[in-house]
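Going down the list, the protein sequences come from chains A and B. Each residue of the first sequence is one higher than the one before, counting from 26 in my numbering. Each residue of the second sequence is one higher than the one before, counting from 29 in my numbering. Ideal Cβ placement from N, Cα and C applies to all residues, glycine included. To start, the structure itself, in structure tokens.
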Amino acid sequence: MFEISPTEWTAILLSLRVAIIATLVATPFGIALAWALARHDFWGKSVLDAAVHLPLVLPPVVTGYLLLLTFGRRGLVGGFLADYLGIVFAFRWTGAALACGVMSFPLLVRPIRLSIEAIDRRLEQAAETLGAAPWRVFFTVTLPLALPGVLAGMVLGFAKAIGEFGATITFVSNIPGETQTISSAIYSLIQTPDGDAAAGRLVIISVIIAMGALIGSEWFARRATQRLHGN
Amino acid sequence: MLRVDVKKQLGEFQLSASFTSQGRVTGLFGASGSGKTSLINTIAGLLRPDRGTIEIDGETVDDTAAGIHIPTFRRRIGYVFQDARLFPHLDVRQNLDYGRRMNGLVDDPAQRRRIVELLDIGNLLDRRPGKLSGGERQRVALGRALLARPRLLLLDEPLGALDEGRKLEILPYLVRLRDEAGIPMVYVSHDAAELRQLATQIVMLRRGEVTAFGGVKVLTATP
Chain A
26 MFEISPTEWT AILLSLRVAI IATLVATPFG IALAWALARH DFWGKSVLDA
76 AVHLPLVLPP VVTGYLLLLT FGRRGLVGGF LADYLGIVFA FRWTGAALAC
126 GVMSFPLLVR PIRLSIEAID RRLEQAAETL GAAPWRVFFT VTLPLALPGV
176 LAGMVLGFAK AIGEFGATIT FVSNIPGETQ TISSAIYSLI QTPDGDAAAG
226 RLVIISVIIA MGALIGSEWF ARRATQRLHG N
Chain B
29 MLRVDVKKQL GEFQLSASFT SQGRVTGLFG ASGSGKTSLI NTIAGLLRPD
79 RGTIEIDGET VDDTAAGIHI PTFRRRIGYV FQDARLFPHL DVRQNLDYGR
129 RMNGLVDDPA QRRRIVELLD IGNLLDRRPG KLSGGERQRV ALGRALLARP
179 RLLLLDEPLG ALDEGRKLEI LPYLVRLRDE AGIPMVYVSH DAAELRQLAT
229 QIVMLRRGEV TAFGGVKVLT ATP
């Protein structure tokens, strides 16, 4: 019963690839944004903050449709990227990664922001008195101290990305081998007369991946916290 | 030499201080709320004066009329805070080395050994700040500031968070520092006895203004 077919393997590997790429690419942006929101007051901050959280509250199909309008081949950004840089998102796995990245972004940013807000700013001042320019203060004090939050954000983002369904299927459809992730494969299988067994296998695998991510993050967070407090 | 002539409004509080000190240790003396910490933070560049000038060792680091405000990290100062503020994610050795790395100074093992010996922190090098006592932390903070090779060392009540016994444990190190390290210091305290032992010149502050300036004798005028 537990023999995974090549199609299922393809969906599993694609899901992993999409979620990993989405998380890795989104993380630097997430850190930069979390830092800006935690440490700076600027014009339009509350609007930006709301915009980041939008994918959390919008119906995923709306986010997917907006992505299609923006990054589709005839979209404003998508057309430019395709014509001048040869980057295409529509109906490609890269589009799935983009959709997952956008959908998981609020979950990625939040823990990072909280951990930056929790850092004692007087430590950053101390670094400055020791001759560290602002960007070096960030990389030698702020970022290392925020590391548990960064890891927690990455794991949450990854978990969200690997389970993403609505925005992905709206934006890049459900093409086996290209954009069919575990979620969309399960969706297809349960609509097929004898797809139950295969769907069941994929369900078990997604539970294993999710559990692994949660246990892994717990472990990382504990390690990082110990490191920071020197115990 | 340190030349200060600044005005700064902080809410209701007005800081207005002017003095020139040639002393090895300039003591800023006053009750809490007299503006000592605001003044030392202004010298450090952490606060920007509304008006006035600050000159350290012949270099103008603040001149509001000329639009000069050298940021803290370029002032080549050392700052020892009341709460040591060691970096919790680095061990003592890395904390001590931080200023040298940030200033791009060449490694000088002889100087490091001298300061580690002067402060008696050789047995702490592999520990994390979380595993140090208050007095040990403050000694490491002193070493960290010194190893950045500052031209002026600022100390804001470095003994303030310690009990009497610990104070007596650190004070001799500060005296040795004054006599051996050759770095001019600005020392903030509300403890006249402490300043009598350490300072060579006193700036007395009251409600944001300098009320007396001179040798340690000016301290005897206060109860």
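Notebook entry, point to check: What is the DSSP secondary structure of Asp-219 (chain B), reduced to helix, strand or coil?
Noted result: Here Asp-219 (chain B) sits in coil by DSSP.
Margin query: Can you tell me where the alpha helix (DSSP H) holding Thr-52 (chain A) begins and where it ends?
Written below: First-last of the alpha helix (DSSP H) with Thr-52 (chain A): 31–64.
Check: Short check: CB of Ala-158 (chain A) to CB of Phe-101 (chain B), under 9 Å?
Finding: In this structure, the beta-carbon distance from Ala-158 (chain A) to Phe-101 (chain B) falls below 9 Å.
Check: CB-CB under 6 Å to Thr-228 (chain B), same chain, minus the five flanking residues each way: which ones, in chain order?
Finding: So the list reads Gly-51, Arg-52 and Val-53, once near-sequence residues are dropped.
Check: Which value, in whole angstroms, describes the spacing of the CA atoms of Val-197 (chain A) and Thr-204 (chain A)?
Finding: In this structure, the CA atom of Val-197 (chain A) is about 6 Å from the CA atom of Thr-204 (chain A).
Next item on the list: At 4 residues or longer, and completely inside the stretch 183–235 of chain B: list those alpha helix (DSSP H) runs for me, N to C.
Entry: The stretch 183–235 of chain B contains these whole alpha helix (DSSP H) runs: 192–208 and 220–226.
Checklist line | chain D contacts from the stretch 137–156 of chain A (Cβ-Cβ distance under 7 Å) | finding: No chain D appears in the structure shown, which is made up of the protein chains A and B.
Check: Just how far apart, CA to CA, sit Val-43 (chain A) and His-65 (chain A)?
Finding: Distance between the alpha carbons of Val-43 (chain A) and His-65 (chain A): 32 Å.
Next item on the list: Express the C-alpha separation of Ile-56 (chain A) and Gly-69 (chain A) in angstroms, rounding to a whole number.
Entry: Those two C-alpha atoms are separated by around 19 Å.
Note to self: Taking CB distances under 9 Å as the criterion, tell me whether Pro-251 (chain B) reaches chain A.
What the structure shows: Any reading at Pro-251 (chain B) must be qualified, since the residue scores a pLDDT of 49, below 50, and its modelled position is unreliable; the value itself is stated next. No, its Cβ sits nowhere closer than 9 Å to a Cβ of chain A.
Checklist line | Segment limits, beta strand (DSSP E) that includes Ala-173 (chain B) | finding: Note, Ala-173 (chain B): premise wrong, no beta strand (DSSP E); alpha helix (DSSP H) at 162–175.
Notebook entry, point to check: Does the beta-carbon of Lys-245 (chain B) have 16 or more other beta-carbons within 10 angstroms, so that it is buried, or is it exposed?
Noted result: Classification of Lys-245 (chain B): exposed, given that the 10 Å Cβ count is below 16.
Item checked: Whether Asp-207 (chain B) touches Phe-109 (chain B) by CB criterion (9 Å) -> At least 9 Å separates the beta-carbon of Asp-207 (chain B) from that of Phe-109 (chain B).
Item checked: C-beta contact flag for Arg-155 (chain B) and Thr-81 (chain B) at 9 Å -> No, these two residues do not count as a Cβ contact at 9 Å.
Note to self: DSSP has Asp-33 (chain B) in a bridge; who is on the other side?
What the structure shows: Here Asp-33 (chain B) is bridged, per DSSP, to B:Ser-46 and B:Thr-81.
Item checked: Residue interval of the beta strand (DSSP E) (run including Phe-241 (chain B)) -> Start and end: 237–242.
Check: Along chain B, which residues have their Cβ under 7 Å away from the Cβ of Val-175 (chain A)?
Finding: Chain B residues near Val-175 (chain A): none, gap ~13 Å exceeds 7 Å.
Item checked: Neighbour list for Asn-151 (chain B) in chain A, Cβ cutoff strictly below 7 Å -> The premise fails here: Asn-151 (chain B) is roughly 16 Å from chain A at the closest Cβ pair, so nothing lies under 7 Å.
Check: How big is the Cα-Cα spacing for Ile-234 (chain A) and Leu-176 (chain A)?
Finding: Counting only the Cα atoms, Leu-176 (chain A) lies some 17 Å from Ile-234 (chain A).
Check: Taking all protein chains shown into account, do 16 or more other C-beta atoms lie within 10 angstroms of the C-beta of Gly-242 (chain B), making it buried, or fewer, making it exposed?
Finding: By the neighbour-count criterion, in which a residue is buried when 16 or more other Cβ atoms sit within 10 angstroms of its Cβ, Gly-242 (chain B) is exposed.
Next item on the list: Output the distance between the C-alpha atoms of Gln-251 (chain A) and Val-214 (chain B), rounded to the nearest integer angstrom.
Entry: Gln-251 (chain A) and Val-214 (chain B) have their alpha carbons spaced roughly 36 Å apart.
Next item on the list: Determine the DSSP secondary structure at Val-53 (chain B), reduced to helix, strand or coil.
Entry: Strand.
Check: Cα separation between Gly-120 (chain A) and Phe-114 (chain A)?
Finding: Between Gly-120 (chain A) and Phe-114 (chain A), the C-alpha separation is close to 4 Å.
Check: Taking a cut of 9 Å between CB atoms, which residues from the stretch 95–107 of chain B lie near chain A?
Finding: Answer set for the stretch 95–107 of chain B: Pro-99, Thr-100, Phe-101, Arg-102, Arg-103, Arg-104, Ile-105, Gly-106 and Tyr-107.
Margin query: So for Glu-113 (chain A), helix, strand or coil by DSSP?
Written below: The question names Glu, yet the displayed sequence has Val at residue 113 (chain A). Here DSSP, grouped into helix, strand and coil, assigns Val-113 (chain A) to coil.
Note to self: Can you check whether the C-beta of Arg-64 (chain A) is within less than 9 Å of a C-beta belonging to chain B?
What the structure shows: False, the Cβ-Cβ gap to chain B never drops below 9 Å.
Checklist line | From A:Gly-104, A:Leu-79, A:Leu-62 and A:Arg-161, residue whose alpha carbon lies closest to that of Phe-130 (chain A) | finding: Nearest option by C-alpha distance: A:Leu-79.
Notebook entry, point to check: For the alpha helix (DSSP H) that contains Gly-191 (chain A), what are its first and last residues?
Noted result: Start and end: 191–197.
Notebook entry, point to check: What do you reckon, are the CB atoms on Phe-115 (chain B) and Tyr-126 (chain B) nearer than 9 Å?
Noted result: The answer is yes: Cβ separation under 9 Å.
Notebook entry, point to check: Which first and last residues belong to the alpha helix (DSSP H) in which Thr-125 (chain B) is found?
Noted result: According to the sequence provided, residue 125 (chain B) is Asp. The question's Thr does not apply to it. That run of the alpha helix (DSSP H) goes 120–131.
Notebook entry, point to check: Which one or two residues does DSSP pair with Tyr-107 (chain B) in a beta bridge?
Noted result: In DSSP, Tyr-107 (chain B) forms a bridge with B:Leu-182.
Notebook entry, point to check: Does the beta carbon of Ala-158 (chain A) sit closer than 9 Å to a beta carbon anywhere in chain B?
Noted result: Output row for Ala-158 (chain A): interface = yes.
Next item on the list: Using a cut-off of 8 Å between C-beta atoms, extract the partners of Gly-127 (chain B) located in chain A.
Entry: Here the neighbours are Leu-155 and Gly-156.
Notebook entry, point to check: Which residues does DSSP pair with Asp-91 (chain B) in a beta bridge?
Noted result: In the DSSP output, where bridge partners are listed per residue, Asp-91 (chain B) has B:Thr-81 and B:Ile-96.
Notebook entry, point to check: Cα-Cα, which of B:Ala-59, B:Leu-75 and B:Leu-124 is closest to Ser-21 (chain B)?
Noted result: The requested residue 21 (chain B) is not part of the displayed model; chain B covers only 29 to 251.
Check: Out of B:Gly-61, B:Asp-33, B:Leu-38 and B:Gly-55, which has the shortest C-alpha to C-alpha gap to Arg-235 (chain B)?
Finding: If you compare the alpha carbons of B:Gly-61, B:Asp-33, B:Leu-38 and B:Gly-55 with that of Arg-235 (chain B), the shortest gap goes to B:Gly-61.
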